[in-house]
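> The structure that follows is given in the form of structure tokens.
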Amino acid sequence: MHTLFTELKTKTAERHRELENTAPFSSFHRSNSIDVIQYSAVLQTMCQFHEDVTAYLTSQPNSAGLRALNIDSMLPFLGSSQVLASLKTDRQALAQYAPQREKNRENAAITEAPFTHSISSVIAAMYVWLGSSMGANMLVRRIQNRNERISPALPVHYYGEMASKAKHWVAFKAHIDNRIAPLCQTLGVTEAQFSSWVVDDANQWFAHLIALGNQASLQPLPHEYCG
Numbered sequence: 000m001h002t003l004f005t006e007l008k009t010k011t012a013e014r015h016r017e018l019e020n021t022a023p024f025s026s027f028h029r030s031n032s033i034d035v036i037q038y039s040a041v042l043q044t045m046c047q048f049h050e051d052v053t054a055y056l057t058s059q060p061n062s063a064g065l066r067a068l069n070i071d072s073m074l075p076f077l078g079s080s081q082v083l084a085s086l087k088t089d090r091q092a093l094a095q096y097a098p099q100r101e102k103n104r105e106n107a108a109i110t111e112a113p114f115t116h117s118i119s120s121v122i123a124a125m126y127v128w129l130g131s132s133m134g135a136n137m138l139v140r141r142i143q144n145r146n147e148r149i150s151p152a153l154p155v156h157y158y159g160e161m162a163s164k165a166k167h168w169v170a171f172k173a174h175i176d177n178r179i180a181p182l183c184q185t186l187g188v189t190e191a192q193f194s195s196w197v198v199d200d201a202n203q204w205f206a207h208l209i210a211l212g213n214q215a216s217l218q219p220l221p222h223e224y225c226g
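What follows is the structure, given as structure tokens:
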């Protein structure tokens, strides 16, 4: 039986590979000698992504679908305030090494992505956020290994914080799986149709993250931006 999360893993794989092959992530994932500029661009990208998702989730109107989803019980899984604070700490630590420019607020804002539905886009946003926590422990170890060989040391507050969110992955999946049927009944759609909505919206969030990565590689932002 194909569940929503099986569909997500399979049908977002291409976007995920595209993300890993896009600057600044391409150099970050392939090199054992990550430099300050690359790392600063990665943190800038993730800072903007987490701020965009947080703003999007908190701006959603109180609808029957969101009540069926019980979104308030899932927000603690993300730990937005802690994640953004850790990003700010790391970016401040890198400020003396990485170039800074004035923030372009228009370009930094979330694009008007053609999301299929507010409910599916909320689930998709959380999927991408929590999914990114799954490899955080490995990245912490890689960076710490790099820090033993290369100066200046790169801070790992952000990836350490994200690693702590990975423990919520199973609970997040169970929460969504248990609510698929009542959600579809509320929305008047089949489970297959709703799954396709979530997949499409997850791919849109990946596309937004890719766009932010491209932007960060071209235009570093002030370290104060985040949190």
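Count the sequence shown with numbering that gives the first Met the number 0 and you get residues 0 to 226, in order.
For each residue, glycine too, the CB sits at the ideal point set by N, CA and C.
Looking only at C-alpha atoms, which of THR185, TYR157, ALA165 and VAL121 sits nearest to TYR55?
Answer by Cα proximity: VAL121.
> Should THR260 and LEU211 be called a contact, given that it needs their Cβ atoms to be closer than 7 Å?
Given a span of 0 to 226 for the chain in the structure shown, any question on residue 260 remains unanswerable.
> Taking all protein chains shown into account, decide if GLU50 is buried (16 or more other Cβ within 10 angstroms of its Cβ) or exposed.
Buried is the call here.
> Any idea what DSSP makes of HIS156, helix, strand or coil?
HIS156 falls in the helix class under three-state DSSP.
> Go ahead and pull the three-state DSSP assignment for TYR126.
Correct three-state label for TYR126: helix.
> According to the neighbour-count rule (16 or more other Cβ atoms, all chains shown, within 10 Å of its Cβ), is VAL169 buried or exposed?
Flag for VAL169 reads exposed.
> Is the number of C-beta pairs between the region 34-42 and the region 17-25 that are closer than 8 Å three or more?
They touch, by the three-pair rule.
> Work out the CA separation of SER79 and THR53 for me, nearest whole Å.
So the alpha carbons of these two residues sit roughly 7 Å apart.
> Would you mind stating whether TYR126 and LEU208 have Cβ atoms separated by less than 7 Å?
Not closer than 7 Å, so no.
> Might you give, ordered along the chain, the residues of its own chain that have their beta carbon closer than 6 Å to the beta carbon of ARG14, omitting 5 neighbours on each side?
Contacts found: ASN202 and PHE205.
> Which complete alpha helix (DSSP H) runs does the region 32-102 hold, if anything under 4 residues is left out?
Listed in chain order, they are 35-57, 63-68, 74-77 and 79-93.
> Which stretch, first to last residue, makes up the alpha helix (DSSP H) that contains HIS174?
168-186 is the span of the alpha helix (DSSP H), which, as asked, contains HIS174.
> Could you tell me the distance, in whole angstroms, from the CA atom of TRP128 to the CA atom of ALA162?
Between TRP128 and ALA162, the C-alpha separation is close to 12 Å.
> Nearest-angstrom Cα distance between GLU105 and ASP34?
Low per-residue confidence applies at GLU105: pLDDT is 45, beneath 50, and the placement is therefore not dependable, though the value from the model is reported in the following sentence. GLU105 and ASP34: Cα-Cα distance of roughly 28 Å.
> Excluding the five sequence neighbours on either side, which residues of its own chain have a C-beta within less than 7 Å of the C-beta of ALA108, listed in chain order?
Any answer about ALA108 is weak, because its pLDDT of 49 lies below 50 and its placement is not dependable; what the coordinates show is given next. Excluding residues within five positions, none has a Cβ falling inside 7 Å.
> Check whether the Cβ atoms of ASP200 and PHE114 sit closer than 7 Å, and answer yes or no.
Cβ atoms of ASP200 and PHE114: closer than 7 Å.
> Who are the Cβ neighbours of LEU65 in its own chain at under 8 Å, not counting the five residues just before and after it?
Cβ within range, chain order: GLN59, SER117, ILE118 and VAL121.
> Starting from the C-beta of ILE175, find all residues in its chain whose C-beta is less than 7 Å away, skip the five residues before and the five after it, and write them out in chain order.
Excluding residues within five positions, the ones whose Cβ falls inside 7 Å are LEU3 and ILE122.
> Along the chain, where does the alpha helix (DSSP H) that runs through MET137 open and close?
Note, MET137: alpha helix (DSSP H), 135-146.
> List the whole-angstrom C-beta distance separating LYS10 from VAL198, where the pair is believed to meet the contact cut-off of C-beta under 8 Å.
LYS10 to VAL198, Cβ: 5 Å. Contact.
> Note down the Cα distance separating TYR157 from GLY130, rounded to an integer number of angstroms.
Each residue's Cα considered, the two are about 15 Å apart.
> If you follow the alpha helix (DSSP H) that ASN202 is part of, which residue opens it and which one closes it?
Where ASN202 is concerned, the enclosing alpha helix (DSSP H) stretches over 190-217.
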